[in-house]
Amino acid sequence: NGCNDKSRGSLIVFEGLDRCGKTSQSGRLVSYLEKKGVPVESWRFPDRSTSVGEMISSYLANKSQLDDQTVHLLFSANRWEKRSLMENKLRSGITLVVDRYSYSGVSFSAAKGLDIEWCKSPERGLLAPDLVVYLDIAPEKAAERGGYGSERYEQLEFQRKVAQQYQTLRDSAWKVIDACLSVDSVEEQIREFYGLFDKAV
Ligand code: TMP
3 NGCNDKSRGS LIVFEGLDRC GKTSQSGRLV SYLEKKGVPV ESWRFPDRST
53 SVGEMISSYL ANKSQLDDQT VHLLFSANRW EKRSLMENKL RSGITLVVDR
103 YSYSGVSFSA AKGLDIEWCK SPERGLLAPD LVVYLDIAPE KAAERGGYGS
153 ERYEQLEFQR KVAQQYQTLR DSAWKVIDAC LSVDSVEEQI REFYGLFDKA
203 V
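Residue numbers for the sequence shown follow UniProt numbering, so the first one is 3 and each next one is one higher.
As structure tokens, then:
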């Protein structure tokens with residue numbers, strides 16, 4: 003991407019800790035873009051609908067055990083198996099708004115103590131996002147939000163480590179938004195970032 007080609011869709015990624023509001027904000031951005039007439043689709047990773055995704059889902063629900071390296075590679079494989087479809091959609095002019103991507107892959111695994119360069123390696127060659135919206139929330143605040151569910155990673159201590167890892171991954175595509183602002187203010191800021199980004203390409 004990044005080749006000033008308006009006919010191509012944009013790859014917009016939402017990242018942040020569990021309970022930061024990614025899912026609802028990415029949904030709001032999709033509705034906004036639809037209203038503007040932008041061809042857009044809402045995506046998420048892990049994509050639990052594939053057989054790799056089912057293995058991940060069972061692991062997250064604590065119904066199966068996998069070692070850290072194995073599950074890391076499954077998360078990555080889950081993105082790789084969608085790569086060509088994503089590329090085709092982008093080429094045909096569809097913008098993809100994706101809830102979690104490689105940054106989650108690297109942060110969550112590195113938070114377990116895996117070497118970060120090892121974690122990044124299977125992500126190399128995946129499509130690079132044009133815009134990353136990072137919804138910034140203190141782990142303690144996220145934990146207060148209606149509580150965590152019962153999935154494997156939804157624990158305060160672990161989320162603290164994930165937050166630290168995310169900070170090391172910030173790059174030029176990132177826009178950081180304070181996720182503790184009201185839902186409407188967060189939405190407005192995201193629209194502003196999208197507008198600036200859209201003008202720039
Ligand atoms: P979800 O709640 O957004 O469906 O994501 C499920 C969990 O999986 C969440 O705690 C983040 C974690 N995760 C990884 O550990 N690696 C990844 O590559 C992705 C996409 C998510």
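Glycine included, each C-beta is placed from N, C-alpha and C at the ideal position.
Please list, in chain order, all residues of the same chain as D49 whose beta carbon is under 7 Å from its beta carbon, the five residues on each side excluded. G55, N80, K84
Just curious, the alpha helix (DSSP H) that F77 is in, first and last residue? 70–93
Nearest residue (CA-CA) to S26, options D70, V135, D117: V135
Rounded to a whole number of angstroms, what is the C-alpha to C-alpha distance between Y105 and Q67? 23 Å
List the DSSP bridge partners of T97. V42
Integer Cβ distance of G11 from L98, believed to fall under 8 Å: 6 Å
With a threshold of 16 other CB atoms inside 10 Å of the CB of A63, please say whether the residue is buried or exposed. exposed
What would DSSP say about Y150, mapped onto helix, strand or coil? coil
is_contact[R46, chain D] using C-beta, thresh 7 Å: You won't find chain D in this structure, because it holds only one protein chain.
What is the rounded straight-line gap between the Cα of L133 and the Cα of V42? 14 Å
Decide if K154 is buried, meaning its Cβ has at least 16 other Cβ atoms within 10 Å, or exposed. The amino acid at residue 154 is misidentified as Lys; the sequence shows Arg. So R154 counts as exposed.
N-terminal and C-terminal residue of the beta strand (DSSP E) that E17 is part of: 13–18
So who's on the other strand from W176, going by DSSP bridges? V134
Go to C22, then tell me how far its alpha helix (DSSP H) extends in each direction, as first and last residue. Where C22 is concerned, there is no enclosing alpha helix (DSSP H), given that its DSSP letter is neither H nor E.
Proximity below 7 Å, CB of S95 to CB of S9: Per the sequence shown, the amino acid found at residue 95 is Gly instead of Ser. Yes; because the gap between Cβ atoms is below 7 Å, this pair is in contact.
Could you give the distance in angstroms between the alpha-carbon of A145 and the alpha-carbon of I118? 25 Å
Could you check the C-alpha separation between G4 and A202 for me, to the nearest Å? In this prediction, G4 scores a pLDDT of 47, lower than 50, which makes its location untrustworthy; the coordinate-derived value is nonetheless stated afterwards. G4 and A202: Cα-Cα distance of roughly 10 Å.
Out of G127, G115, A112, V185, which one is the CA nearest neighbour of R147? V185
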